[in-house]
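Sequences listed follow chains A and B, in order.
Offset between the first sequence (1-based) and the working numbering: plus 168.
Offset between the second sequence (1-based) and the working numbering: plus 801.
For reference, the structure is listed below as structure tokens.
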Amino acid sequence: SQTIHQWPATLVQPVGSPLSLECTVEGTSNPNLYWYRQAAGRGLQLLFYSVGIGQISSEVPQNLSASRPQDRQFILSSKKLLLSDSGFYLCAWKGYREKLFFGSGTQLSVL
Amino acid sequence: DAKTTQPTSMDCAEGRAANLPCNHSTISGNEYVYWYRQIHSQGPQYIIHGLKNNETNEMASLIITEDRKSSTLILPHATLRDTAVYYCIVRVGAGGTSYGKLTFGQGTILTVHP
Chain A
169 SQTIHQWPAT
179 LVQPVGSPLS
189 LECTVEGTSN
199 PNLYWYRQAA
209 GRGLQLLFYS
219 VGIGQISSEV
229 PQNLSASRPQ
239 DRQFILSSKK
249 LLLSDSGFYL
259 CAWKGYREKL
269 FFGSGTQLSV
279 L
Chain B
802 DAKTTQPTSM
812 DCAEGRAANL
822 PCNHSTISGN
832 EYVYWYRQIH
842 SQGPQYIIHG
852 LKNNETNEMA
862 SLIITEDRKS
872 STLILPHATL
882 RDTAVYYCIV
892 RVGAGGTSYG
902 KLTFGQGTIL
912 TVHP
């Protein structure tokens, strides 16, 4: 069966520090992958999606970037975090019949 | 993707049916209705989806009106663990240029109380 792993679960980082969040999927090949962010009290916002290795599409301009170095690995990065980057970050993959399956999320607090 | 409108919040007594409405008056013929829910501090979870026929699975039932301009998600016997934000999303099915992206609105906060 397919599983999605996302870590860490929580992260506290100072302003200006770098960020790297990793997401891996098991049990499927060539999945579409997605990064979403949920700010406190707000809805889910799609940040990036990828349809294959090295293929990244950005949905909103921001301080973040994404990479897909391997088929089942999706990484969210930042060179210098801003306070506004705080939020709940979720990775997802697209399965059968267009269903999205989400990871457990990373709660990022930038102080 | 078509825009959806949901009530901001709803209450339901434990053991009773929870009926969550969604309006999607601008839905196109090739767009499906998807429902997800998000329990606090967790990722969203797929519940059910449909095109025009009513659908039922182990989690819920989906009733879509004949004109497809609205739908209702039914949790037949709500439990305290069903307390969550429920999202109604309308989008095209497989193919096209959406690449599987989902646009989440604000959803309905369902509170199930004892």
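We treat Cβ as the ideally placed atom computed from N, Cα and C, and that holds for glycine.
Keep in mind the model is a prediction, meaning the values are calculated, not measured.
When you check each C-beta in the segment 822–850 of chain B against every C-beta of chain A, which residues fall closer than 9 Å?
-> Closer than 9 Å at the C-beta level to chain A, one finds these residues of the segment 822–850 of chain B: Tyr833, Tyr835, Tyr837, Gln839, Ser842, Gln843, Gly844, Pro845, Gln846, Tyr847 and His850.
Span of the beta strand (DSSP E) around leucine 232 (chain A) | No residue range can be given for leucine 232 (chain A), since it is assigned to no beta strand (DSSP E) and is classified by DSSP as neither H nor E.
Touch test, the segment 251–259 of chain A against the segment 817–833 of chain B, Cβ-Cβ under 8 Å, three pairs minimum = No, because fewer than three Cβ pairs between the segment 251–259 of chain A and the segment 817–833 of chain B fall closer than 8 Å, the two stretches do not touch.
Note down, one range per segment and in chain order, each alpha helix (DSSP H) of at least 4 residues found wholly within the segment 827–885 of chain B.
-> Within the segment 827–885 of chain B, no run of alpha helix (DSSP H) at least 4 residues long lies entirely inside it.
If I'm right that aspartate 883 (chain B) touches leucine 911 (chain B) with Cβ under 8 Å, what's the distance once you round it to whole angstroms?
-> Right, their Cβ atoms sit about 7 Å apart.
Beta-carbon contacts of tryptophan 261 (chain A) that lie in its chain and below 8 Å, excluding the five residues immediately before and after = The residues are Gln170, Ile172, Val193, Thr196, Pro199, Asn200, Leu201, Tyr202, Leu268 and Phe269.
CB contact check: arginine 265 (chain A) to chain B, cutoff 9 Å = The C-beta of arginine 265 (chain A) comes closer than 9 Å to at least one C-beta of chain B.
For glutamate 266 (chain A), which of helix, strand or coil comes out of DSSP?
-> The answer is helix: DSSP assigns glutamate 266 (chain A) an H, G or I state.
Three-state secondary structure (DSSP) at leucine 903 (chain B)?
-> Leucine 903 (chain B) falls in the coil class under three-state DSSP.
When burial is assigned at 16 or more other CB atoms within 10 Å of the CB, is glutamate 859 (chain B) buried or exposed?
-> By the neighbour-count criterion, in which 16 or more other beta carbons inside 10 Å mark a residue as buried, glutamate 859 (chain B) falls on the exposed side.
Proline 186 (chain A) versus glycine 211 (chain A): straight-line alpha-carbon distance, rounded = Each residue's alpha carbon lies about 25 Å from the other.
Delimiting residues of the beta strand (DSSP E) encompassing aspartate 812 (chain B) = Counting along the chain, the beta strand (DSSP E) containing aspartate 812 (chain B) begins and ends at 810–814.
Closer than 9 Å to chain A by CB, arginine 869 (chain B) | No Cβ of chain A is located within less than 9 Å of the beta carbon of arginine 869 (chain B).
Helix, strand or coil for leucine 249 (chain A) per DSSP?
-> Note: leucine 249 (chain A) maps to coil in three-state DSSP.
Could you spell out the range, first to last residue, of the beta strand (DSSP E) harbouring alanine 819 (chain B)?
-> Counting along the chain, the beta strand (DSSP E) containing alanine 819 (chain B) begins and ends at 819–824.
Report yes or no: is there a C-beta of chain B within less than 9 Å of the C-beta of glutamate 227 (chain A)?
-> So yes, glutamate 227 (chain A) belongs to the interface.
With 16 other Cβ atoms within 10 Å as the buried cut-off, status of arginine 817 (chain B) | Flag for arginine 817 (chain B) reads exposed.
Can you check DSSP and say which residues form a bridge with alanine 207 (chain A)?
-> According to DSSP, alanine 207 (chain A) bridges with nothing at all.
Answer with yes or no whether the minimum CB distance from leucine 258 (chain A) to chain D is below 9 Å.
-> No chain D is present in this structure, whose protein chains are A and B.
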